[in-house]
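Trainee:
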Amino acid sequence: MSTDAELAMRLASDLTPPFVEYVGKGSFFGGQPPLDVWVGWVVVLGFGALFSLFTTMIVLIDKFFKGNANVTSEHFNTAGRMVKTGLTASVIVSQWTWAATLLQSSNVAWQYGVSGPFWYASGATIQVLLFGVLAISLKKVAPSAHTMCEIVRARWGKSAHITFLFFAFCANVIVTSMLLLGGAATVEALTGMDYRLASFFIPWGVILYTVVGGLKATFLASYIHTVIIFAVLVTMVLIVYIKVYSSDQIYSFLDWTISYTEEQCESIYFDVDKNTTFYEPGMYACGEVNGNRDGSYLTMLSSGGLMFGIINIIGNFGTVFVDQSYWQSAIAARPSSAARGYLLGG
1 MSTDAELAMR
11 LASDLTPPFV
21 EYVGKGSFFG
31 GQPPLDVWVG
41 WVVVLGFGAL
51 FSLFTTMIVL
61 IDKFFKGNAN
71 VTSEHFNTAG
81 RMVKTGLTAS
91 VIVSQWTWAA
101 TLLQSSNVAW
111 QYGVSGPFWY
121 ASGATIQVLL
131 FGVLAISLKK
141 VAPSAHTMCE
151 IVRARWGKSA
161 HITFLFFAFC
171 ANVIVTSMLL
181 LGGAATVEAL
191 TGMDYRLASF
201 FIPWGVILYT
211 VVGGLKATFL
221 ASYIHTVIIF
231 AVLVTMVLIV
241 YIKVYSSDQI
251 YSFLDWTISY
261 TEEQCESIYF
271 DVDKNTTFYE
281 PGMYACGEVN
291 GNRDGSYLTM
301 LSSGGLMFGI
311 INIIGNFGTV
321 FVDQSYWQSA
331 IAARPSSAAR
341 GYLLGG
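So this is what it looks like as structure tokens:
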């Protein structure tokens with residue numbers, strides 16, 4: 001069978017990888033957002049306000065039933081240092097779920113196959129598990145501490161305090177900016193709402209319930225975030241693997257994808273108007289994966305994936321150990337729950 005005939009047969013097959021219809025396109029929706037702009041305003045302002053009010057009500061109910069209506073500054077900043085294991089674990093999951101958690105993990109799966117998400121998860125898990133050991137020492141050595149930099153100042157002095165303060169501030173600025181821009185870019189892509197306006201309005205809901213309930217409010221909000229995250233992920237898994245496709249079909253997609261020759265890939269990714277191909281090896285899911293054993297998407301023996309894993313693991317130590325939110329979770333946890341919460345959340 002000729003190359004052209006074989007390619008035509010494959011493209012007409014039900015097992016054709018589900019990317020052909022988007023070949024040469026820069027958008028899934030023809031360059032136009034699928035939703036109206038007013039939907040973006042409803043999501044940013046309406047949902048933000050509703051979520052803030054709901055979280056604030058939970059905080060007020062918690063205060064009423066626990067008899068701590070008059071919250072001190074200590075309780076405001078530390079949640080009373082009595083947070084249990086389950087809530088601590090859910091907070092860790094929420095804190096570690098960034099925009100990149102879903103976006104970059106999918107990207108490295110596209111680039112390196114199954115080894116990409118594995119190394120991405122490893123780079124996000126090792127640090128949290130090790131921080132659980134640190135949480136035990138924190139509760140033992142500095143039970144009344146409020147921040148990481150406070151501990152550094154007490155142990156190593158002013159110079160070390162300023163150094164750690166600088167890096168911690170930079171880390172939090174970078175992380176906060178990434179989270180805001182990731183959310184704003186998503187809203188803009190779906191609704192056409194200006195990302196600058198979305199970036200400005202998104203934090204206000206968080207500010208509202210934090211002012212009312214302090215650290216405890218952020219923990220309750222994180223718990224709700226975690227519930228939503230798991231609900232969406234489980235739903236998407238069921239839709240992809242049961243409703244739309246099956247495991248056998250997805251395996252066949254991957255098997256067919258690596259079987260394409262470079263000539264066939266150039267034919268698939270062909271610009272008719274310019275009469276030239278825009279296919280570049282490694283840029284599109286077509287043909288064998290460079291650096292993977294047998295070019296397979298389903299192998300853990302990937303040189304590119306391993307290199308990414310090393311970089312990811314080393315880099316994430318900084319984003320965990322100088323991020324005050326992880327220290328704050330350890331400070332707020334019960335002594336008996338600190339390590340278990342990090343182990344369960346990690």
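Read in the UniProt record's numbering, the sequence shown has 175 at position 175, and its numbers run on one by one without any break. Positions of the beta carbon are idealized from the N, C-alpha and C atoms, including for glycine.
(1) Using a Cβ distance threshold of 8 Å, determine whether the region 229–243 contacts the region 260–273, with at least three qualifying pairs required.
(2) Below 8 Å on the Cβ atoms is my contact criterion, and I expect PRO304 with TYR112 to pass it. Report the Cβ-Cβ distance as a whole number of Å.
(3) Mind reading off the beta-carbon distance from ALA171 to ASN316? Whole number of angstroms is fine, and I expect it under 8 Å.
(4) Give me the residue from ALA184, ALA145, PHE201 with the minimum Cα distance to TYR195.
(5) List the residues that DSSP assigns as beta-bridge partners of SER302.
(6) Using C-beta distances below 8 Å, list every residue in its chain close to LEU45, excluding the 5 sequence neighbours before and after it, in chain order.
(7) Could you pull the start and end residues of the alpha helix (DSSP H) that ILE331 belongs to?
(8) Am I right that SER115 and MET300 are in contact with their C-beta atoms under 8 Å? What's the rounded C-beta distance?
(9) Looking at the secondary structure, which residues open and close the alpha helix (DSSP H) in which CYS265 lies?
(10) Which class does TYR251 belong to by DSSP, given the choice of helix, strand or coil?
(11) How many angstroms separate the CA atom of LYS140 from the CA atom of ASP323?
(12) Which residue's Cα is closest to the Cα of HIS75: VAL212, ALA109, GLN127, GLN95?
(13) Could you round the C-beta distance between LEU35 and THR191 to whole angstroms and report it? I think they count as a contact, below 8 Å.
(14) Please name the residue in ILE162, ILE310, ALA332 whose C-alpha comes closest to that of PHE118.
(15) What did DSSP end up calling THR277 once you bin it into helix, strand or coil?
(16) How far does the alpha helix (DSSP H) with ALA217 in it extend, from its first residue to its last?
(17) Tell me which residues share the same chain as GLN95 and place their Cβ nearer than 6 Å to its Cβ, disregarding the 5 neighbours each side in the sequence.
(18) Closest by CA to PHE253, which one among TYR241, ASN107, ILE61?
(19) Output needed for TRP327: all residues of its chain with C-beta closer than 6 Å, excluding positions within five of it in sequence on either side, in chain order.
(20) Using 8 Å for Cβ pairs, my map puts LEU220 next to VAL59. What's the rounded Cβ distance?
(21) Let me confirm a value: SER336 is counted as buried when at least 16 other C-beta atoms fall within 10 Å, else exposed. Which label applies?
(22) For VAL83, which three-state DSSP category applies?
(23) Which word fits MET193, buried or exposed, when buried means at least 16 other C-beta atoms lie within 10 angstroms of its C-beta?
(24) Would DSSP call TYR112 helix, strand or coil?
(25) Return the Cβ separation of SER52 and TYR209 in integer angstroms, given the expectation that the two are a contact with Cβ distance under 8 Å.
Mentor: According to the structure data:
(1) no
(2) Mapped onto the sequence shown, residue 304 falls at position 304. Mapped onto the sequence shown, residue 112 falls at position 112. One detail in the question is off: residue 304 reads as Gly in this sequence, not Pro. Sure, about 5 Å apart at Cβ, within 8 Å.
(3) Translated into the one-based positions of the sequence shown, residue 171 becomes position 171. Translated into the one-based positions of the sequence shown, residue 316 becomes position 316. Their Cβ separation, rounded to whole angstroms, is 11 Å, which puts ALA171 and ASN316 out of contact at 8 Å.
(4) Here residue 195 corresponds to residue number 195 of the sequence shown, with the count starting at 1. Nearest of ALA184, ALA145, PHE201 to TYR195, Cα basis: ALA184.
(5) Taking the sequence shown and counting its residues from 1, one reaches residue 302 at position 302. According to DSSP, SER302 bridges with ASN292.
(6) Within the sequence shown, numbered from 1, the residue matching residue 45 stands at position 45. Correct list, in chain order: PHE201.
(7) Here residue 331 is taken as the residue at index 331 of the sequence shown, counted from 1. Residues 324–332.
(8) Counting from 1 along the sequence shown, the entry for residue 115 is found at position 115. Counting from 1 along the sequence shown, the entry for residue 300 is found at position 300. Confirmed, Cβ separation roughly 5 Å.
(9) Counted from its first residue, the sequence shown places residue 265 at position 265. Residues 262–268.
(10) If you number the sequence shown from 1, residue 251 lands on position 251. Reduced to three states, the DSSP call for TYR251 is helix.
(11) One-based indexing of the sequence shown puts residue 140 at position 140. One-based indexing of the sequence shown puts residue 323 at position 323. Each residue's alpha carbon lies about 20 Å from the other.
(12) Against the sequence shown, residue 75 aligns to sequence position 75. Among VAL212, ALA109, GLN127, GLN95, the Cα nearest to that of HIS75 is on VAL212.
(13) If you number the sequence shown from 1, residue 35 lands on position 35. If you number the sequence shown from 1, residue 191 lands on position 191. Right, the Cβ-Cβ distance comes to about 5 Å (below 8 Å), so this counts as a contact.
(14) Locating residue 118 in the sequence shown gives position 118, where the first residue counts as 1. The shortest C-alpha separation from PHE118 is found at ILE310.
(15) For the purposes of this step, residue 277 is taken as the residue at position 277 of the sequence shown. In this structure, THR277 counts as strand in the three-state DSSP scheme.
(16) As a working note, residue 217 is residue 217 in the sequence shown. Unbroken alpha helix (DSSP H) run through ALA217: 195–238.
(17) By one-based count along the sequence shown, residue 95 stands at place 95. Here the set comprises SER325.
(18) Taking the first residue of the sequence shown as position 1, residue 253 is located at position 253. Nearest option by C-alpha distance: TYR241.
(19) Start at 1 with the first residue of the sequence shown, and residue 327 comes out as number 327. Excluding sequence neighbours, TRP327 sits near MET148.
(20) Position 220 of the sequence shown, counting from 1, holds the residue named residue 220. Position 59 of the sequence shown, counting from 1, holds the residue named residue 59. That belief holds up - the Cβ atoms of LEU220 and VAL59 are roughly 6 Å apart, short of 8 Å.
(21) By 1-based counting over the sequence shown, the position of residue 336 is 336. Exposed, because fewer than 16 other Cβ atoms sit within 10 Å of the Cβ of SER336.
(22) Counting from 1 along the sequence shown, the entry for residue 83 is found at position 83. VAL83: strand per DSSP, three-state reduction.
(23) The residue labelled residue 193 in the question sits at position 193 within the sequence shown. With 16 or more other Cβ atoms from the protein chains shown falling within 10 Å of its own Cβ, MET193 counts as buried.
(24) Start at 1 with the first residue of the sequence shown, and residue 112 comes out as number 112. The answer is helix: DSSP assigns TYR112 an H, G or I state.
(25) On the sequence shown, position 52 is the one that residue 52 refers to. On the sequence shown, position 209 is the one that residue 209 refers to. The Cβ separation is near 5 Å, so the contact holds.
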